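Numbering (this note's numbering), first residue to last: 2 to 142.
Think of the CB as a built atom: it goes at the ideal place given N, C-alpha and C, for glycine as much as any other residue.
Predicted, not measured: the structure shown is a model, and the values here were computed from it.
Read the structure below first, then the notes.
What follows is the structure in structure tokens.
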């Protein structure tokens with residue numbers, strides 16, 4: 002399962018309603034941490050978010066090290082990711098989102114995201130790429 006970057010923000014101390022990791026640990030979501038994989042572009046994205054919010058670099062380094070130790074991080078430079086991300090520009094304008102979606106497609110993994118633009122293209126993405134897209138709410142209900 003590929004996670005969108007939003008779910009990584011609590012590791013930086015940024016509170017979100019959809020705290021997936023807390024829900025997993027508390028048993029509200031039946032998902033094993035070992036089943037989660039991340040796109041390497043998400044590591045860049047949390048760095049950018051942290052810089053914008055002036056989160057100290059040490060905290061960012063700890064968060065990224067934790068992610069790298071805890072999860073398989075998939076390179077956004079994989080050929081399949083690049084090819085699918087290029088195709089996805091017809092559905093999604095944000096290239097970082099295209100890379101995250103393409104990672105899920107390339108691996109044949111479901112994607113968990115709160116992104117409304119991705120969810121609005123869900124039917125097309127599922128039909129074309131056989132991609133399963135979920136939200137936090139889908140996993141907790």
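In the DSSP assignment, find the alpha helix (DSSP H) that holds residue 75 and state where it starts and stops. Residue 75 -> not in any alpha helix (DSSP H); beta strand (DSSP E) instead, spanning 73-75.
Quick check on DSSP: helix, strand or coil for residue 135? strand
Measure the Cβ-Cβ separation of residue 139 and residue 119 and say whether it is below 8 Å. In this structure, residue 139 lies away from residue 119, with their beta-carbon atoms at least 8 Å apart.
Using only the alpha-carbon positions, how far apart do residue 19 and residue 56 sit? 21 Å
Taking the Cβ atom as the reference point for each residue, do residue 47 and residue 24 lie within a distance shorter than 8 Å? no
Nearest to residue 1 by alpha carbon, out of 114, 26 and 52? No statement about residue 1 is possible, as the shown extent of the chain runs from 2 to 142 and does not include it.
Classify residue 38 as helix, strand or coil using the three-state DSSP reduction. strand
First through last residue of the alpha helix (DSSP H) which encompasses residue 104: 96-108
Taking residue 127 as the reference, give the member of 15, 115, 51 and 105 with the closest Cα. Comparing Cα-Cα distances from residue 127 to each of 15, 115, 51 and 105, the minimum goes to 105.
From residue 66 to residue 52, what distance separates their C-alpha atoms? 17 Å
Have a look at residue 107 and residue 130 and give me their C-alpha separation to the nearest angstrom. 9 Å
Could you tell me which residues DSSP puts in a beta bridge with residue 4? Answer is 113.
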